[in-house]
Amino acid sequence: MINVTATFSVREGQNEAFEQAVAAARPHMLADEGCLRYDLQRVGRSTSDYVLLETYDSAEAIRRHGELEAFAALNREVEDLLAAEPVITVLKPVGEQVS
């Protein structure tokens, strides 16, 4: 499994629109073969920072995810809601992992 985080900083007053956009896209993302997790979390006490936790079963699944129309549509929808470019991090397991 490959874990990915996407970190977002949302413009003031745009939280609800951002959360709704991600929530609406989530079923489409999870329906894609190989996407095992697509969960939006707010960062601690922040009112504007979010992390999207994603898990895929392969590098091929990540590649396919980037080609989805639902992915492109979500990017278009949230583009003007963001205060900065998202930061995408692909994580690599170290040592023995608990599943």
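In case it helps, the UniProt record's numbering puts the sequence shown at residues 1 to 99. We treat Cβ as the ideally placed atom computed from N, Cα and C, and that holds for glycine. Predicted model only: the values in this text are computed from it and were never measured.
Member of the options whose CA lies at the smallest distance from the CA of residue i
i: Val87; options: Glu77, Tyr50, Tyr38; result: Tyr50
i: Glu79; options: Ile2, Ala31, Val22; result: Val22
6 Å Cβ shell around residue i - same chain, five flanking residues per side excluded
i: Ala83; result: Ser9, Arg11
Residue i and residue j closer than 8 Å at C-beta
i: Tyr56; j: Val94; result: no
i: Gln14; j: Leu81; result: yes
i: Gly34; j: Ala61; result: yes
DSSP-derived helix/strand/coil call for residue i
i: Leu68; result: coil
i: Arg37; result: strand
i: Glu16; result: helix
i: Asp57; result: coil
i: Asp80; result: helix
Anticipated Cβ contact below 8 Å, residue i with residue j, distance rounded
i: Leu52; j: Ala6; result: 4 Å
Close beta carbons around residue i, own chain, < 7 Å, minus the five adjacent residues each side
i: Ala70; result: Ala25, His28, Met29
i: Asp32; result: Arg64, His65, Leu68
Neighbourhood of residue i by C-beta, 8 Å cutoff - its chain only, sequence neighbours within 5 removed
i: Ala73; result: Ala25
i: Gln41; result: Tyr50, Val51, Leu52, Leu53
i: Tyr48; result: A quick correction: the sequence has Ser, not Tyr, at residue 48. Answer for Ser48: Ser9, Val10, Arg11, Glu12, Asn15, Ala83, listed in chain order.
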